[in-house]
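Participant: Each residue of the sequence shown is one higher than the one before, starting from 1 at the first, in the UniProt record's numbering.
Don't be surprised by glycine CBs; every beta carbon is placed ideally from N, CA and C.
The structure presented is a predicted model; accordingly, all values stated were derived computationally and were not measured.
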Amino acid sequence: MPHLTQHKVHNYFKLNGYHLNAKDLCQIAYSYVKEGDAYEKAIGEFFLDWFDKKSYIEMTTSGTTGLPKLVRLEKQAMIQSALATGDFFGLVPGNRALLCLPTQFIAGKMMLVRSLILGLELDITAPSVTPLAFNTKTYDFVAMVPLQVQNSIEKLVNIRKLIIGGAKLDTALEEKLMPLKTEIYETYGMTETITHIAAKRLGTPAFSILPNVKIAQDDRQCLVINLASVSDEPIVTNDLVDLINEQQFVFLGRIDNVVNSGGVKLIPEQIEAKLINKINSRFFVTGLPDAALGEKLVLVIEGEKQDFPADFFDVLGKYEKPKEIIFVAKFKENENGKLLRKPTLE
Numbered sequence: 001m002p003h004l005t006q007h008k009v010h011n012y013f014k015l016n017g018y019h020l021n022a023k024d025l026c027q028i029a030y031s032y033v034k035e036g037d038a039y040e041k042a043i044g045e046f047f048l049d050w051f052d053k054k055s056y057i058e059m060t061t062s063g064t065t066g067l068p069k070l071v072r073l074e075k076q077a078m079i080q081s082a083l084a085t086g087d088f089f090g091l092v093p094g095n096r097a098l099l100c101l102p103t104q105f106i107a108g109k110m111m112l113v114r115s116l117i118l119g120l121e122l123d124i125t126a127p128s129v130t131p132l133a134f135n136t137k138t139y140d141f142v143a144m145v146p147l148q149v150q151n152s153i154e155k156l157v158n159i160r161k162l163i164i165g166g167a168k169l170d171t172a173l174e175e176k177l178m179p180l181k182t183e184i185y186e187t188y189g190m191t192e193t194i195t196h197i198a199a200k201r202l203g204t205p206a207f208s209i210l211p212n213v214k215i216a217q218d219d220r221q222c223l224v225i226n227l228a229s230v231s232d233e234p235i236v237t238n239d240l241v242d243l244i245n246e247q248q249f250v251f252l253g254r255i256d257n258v259v260n261s262g263g264v265k266l267i268p269e270q271i272e273a274k275l276i277n278k279i280n281s282r283f284f285v286t287g288l289p290d291a292a293l294g295e296k297l298v299l300v301i302e303g304e305k306q307d308f309p310a311d312f313f314d315v316l317g318k319y320e321k322p323k324e325i326i327f328v329a330k331f332k333e334n335e336n337g338k339l340l341r342k343p344t345l346e
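(1) Let's see if you can read the secondary structure: which residues bound the beta strand (DSSP E) around C222?
(2) Just to confirm before moving on: does the CB-CB distance between N95 and D140 stay below 8 Å?
(3) Mapping DSSP to helix, strand and coil, what is P343?
(4) Can you tell me whether T237 is buried or exposed, with buried defined as 16 or more other CB within 10 angstroms of its CB?
(5) What first and last residue would you give for the alpha helix (DSSP H) that runs through Q270?
(6) Answer yes if the region 72-88 comes into contact with the region 31-48, meaning at least three C-beta pairs across the two stretches below 8 Å, and no otherwise.
(7) Out of E74, P68 and I43, which one is the CA nearest neighbour of E58?
(8) So, is K318 buried or exposed, given that buried needs 16 or more other C-beta atoms within 10 angstroms?
(9) Can you give the beta carbon distance from G165 to T187, rounded, assuming they're within the 8 Å contact cut?
(10) Below 8 Å on the Cβ atoms is my contact criterion, and I expect D170 with I276 to pass it. Report the Cβ-Cβ distance as a whole number of Å.
(11) Within the continuous alpha helix (DSSP H) that includes G108, where are the two ends?
(12) To the nearest angstrom, how far is it from the Cα of V142 to the Cα of L316?
(13) With DSSP collapsed to three states, give me the class of G263.
(14) For R220, count neighbouring Cβ atoms within 10 angstroms of its own Cβ and tell me buried if that reaches 16, exposed if not.
(15) Taking C-alpha atoms, which residue in L4, I106 and H10 lies nearest to A42?
(16) Taking C-alpha atoms, which residue in L91, T130, C100 and A133 lies nearest to G119?
(17) Distance, Cα to Cα, N135 vs C222?
(18) Of the choices K200, Q247, T125 and D239, whose alpha-carbon is the least far from that of I255?
(19) Give the single residue among E183, Y56 and K214 whose Cα lies nearest to the Cα of R201.
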């Protein structure tokens with residue numbers, strides 16, 4: 001395979017219908033930065049970063065798994081990630097793609113890189129919660145966050161392959177998507193791994209890893225990712241997983257969310273999955289300090305106070321039933337629409 005650099009733009013690449021080379025893209029980037037809307041400025045800045053002489057780009061992590069921090073991503077690693085995505089999803093030159101995610105985050109940046117490297121015909125639309133509202137075109141490949149998908153269900157008929165990332169896909173949304181003909185995948189990844197390293201087809205329990213990724217578990221049962229193109233050191237996550245084999249894992253929940261109540265370890269994500277079809281508002285399960293138990297399990301619901309019948313929590317195990325229900329007017333979330341548990345509680 002020829003060695004690709006960030007200065008090489010695939011012959012089939014198109015942006016909003018036009019064949020453009022690196023020089024053209026830099027000219028467009030200058031006009032975007034100077035006169036564009038906020039989302040266009042971010043795209044312009046990315047192109048200028050991508051085509052400069054540096055071997056890396058710098059960006060800030062989204063801050064959902066800890067404090068936001070500045071990370072340096074090698075452009076060569078981003079190219080490898082784009083090629084792995086192309087292999088995994090069977091993308092070919094001339095496929096039509098849509099960028100509807102903010103380019104400040106890795107997922108938006110990588111849609112641009114994939115298009116440049118794989119020769120996709122990319123259309124760009126302003127990031128919004130209804131990205132397909134005025135769209136009449138069909139696309140081979142689109143990436144969205146769950147909130148965008150929730151608001152686009154009727155329009156997903158126009159998409160051949162859809163990947164969903166940025167936040168956990170809840171069971172209720174998954175059920176709405178199951179009857180659709182679109183090939184839909186939930187992805188797993190983070191800024192540090194240069195977007196997704198694994199994906200799972202809707203309706204299947206396990207994530208399958210992309211090419212050139214190796215996985216293991218540490219003594220906490222958390223996922224460890226070996227990705228030679230990105231890091232010499234293993235990337236240790238705080239995600240509890242069930243490792244099925246060398247290629248597949250089931251995501252159980254985040255170790256930071258685990259509630260230790262009277263010596264019983266409870267995984268909130270597993271409890272939330274059992275309640276998803278019973279509570280109409282957004283909600284999450286967490287632990288609060290308790291004198292007797294160490295931590296007590298509480299259910300936090302967005303919106304007005306409501307009452308629940310006595311048998312409401314019968315779907316839960318003995319220790320999974322919340323000791324208290326807290327109602328919060330509005331949940332805190334990041335720019336991707338991902339729920340921030342701790343700031344919401346505070």
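Facilitator: Quick look at the numbers:
(1) For the purposes of this step, residue 222 is identified with residue 222 of the sequence shown, where counting begins at 1. Residues C222 to N226.
(2) Numbered from 1 along the sequence shown, position 95 holds the residue referred to as residue 95. Numbered from 1 along the sequence shown, position 140 holds the residue referred to as residue 140. It is a contact, given that the beta carbons lie within the stated cut-off.
(3) Taking the first residue of the sequence shown as position 1, residue 343 is located at position 343. DSSP places P343 in helix when its eight states are reduced to three.
(4) On the sequence shown, position 237 is the one that residue 237 refers to. When all chains shown are included, T237 counts as buried.
(5) Locating residue 270 in the sequence shown gives position 270, counting from the first residue. Residues P268 to L275.
(6) no
(7) Against the sequence shown, residue 58 aligns to sequence position 58. Of the candidates E74, P68 and I43, the one whose C-alpha sits nearest the C-alpha of E58 is E74.
(8) Translated into positions along the sequence shown, residue 318 becomes position 318. Classification for K318: exposed.
(9) Walking along the sequence shown from the start, residue 165 turns up at place 165. Walking along the sequence shown from the start, residue 187 turns up at place 187. Rounded, the Cβ-Cβ distance is 4 Å, consistent with contact.
(10) For the purposes of this step, residue 170 is taken as the residue at position 170 of the sequence shown. For the purposes of this step, residue 276 is taken as the residue at position 276 of the sequence shown. Contact holds; Cβ gap of about 6 Å.
(11) Here the question's residue 108 lines up with position 108 in the sequence shown. It spans I106 to L118 - the alpha helix (DSSP H) in which G108 sits, taken as one unbroken run.
(12) Reading the sequence shown from its first residue, position 142 is the one you call residue 142. Reading the sequence shown from its first residue, position 316 is the one you call residue 316. Looking at the two C-alpha atoms, the distance is approximately 36 Å.
(13) As a first step, residue 263 is located in the sequence shown; it is residue number 263 there, counting from the start. Looking at G263 - three-state DSSP - the assignment turns out to be coil, as it is neither helix nor strand.
(14) Looking up residue 220 in the sequence shown gives position 220. Classification of R220: exposed, given that the 10 Å Cβ count is below 16.
(15) Stepping through the sequence shown from its first residue, residue 42 is reached at position 42. Nearest C-alpha to A42: I106.
(16) Locating residue 119 in the sequence shown gives position 119, where the first residue counts as 1. Nearest option by C-alpha distance: L91.
(17) Here the question's residue 135 lines up with position 135 in the sequence shown. Here the question's residue 222 lines up with position 222 in the sequence shown. Approximately 41 Å between the Cα atoms of the pair.
(18) Position 255 of the sequence shown, counted from the first residue, corresponds to residue 255. It is D239 whose Cα lies nearest to the Cα of I255.
(19) In the sequence shown, residue 201 corresponds to position 201, counting from 1. Selected option, being the one with the closest Cα: E183.
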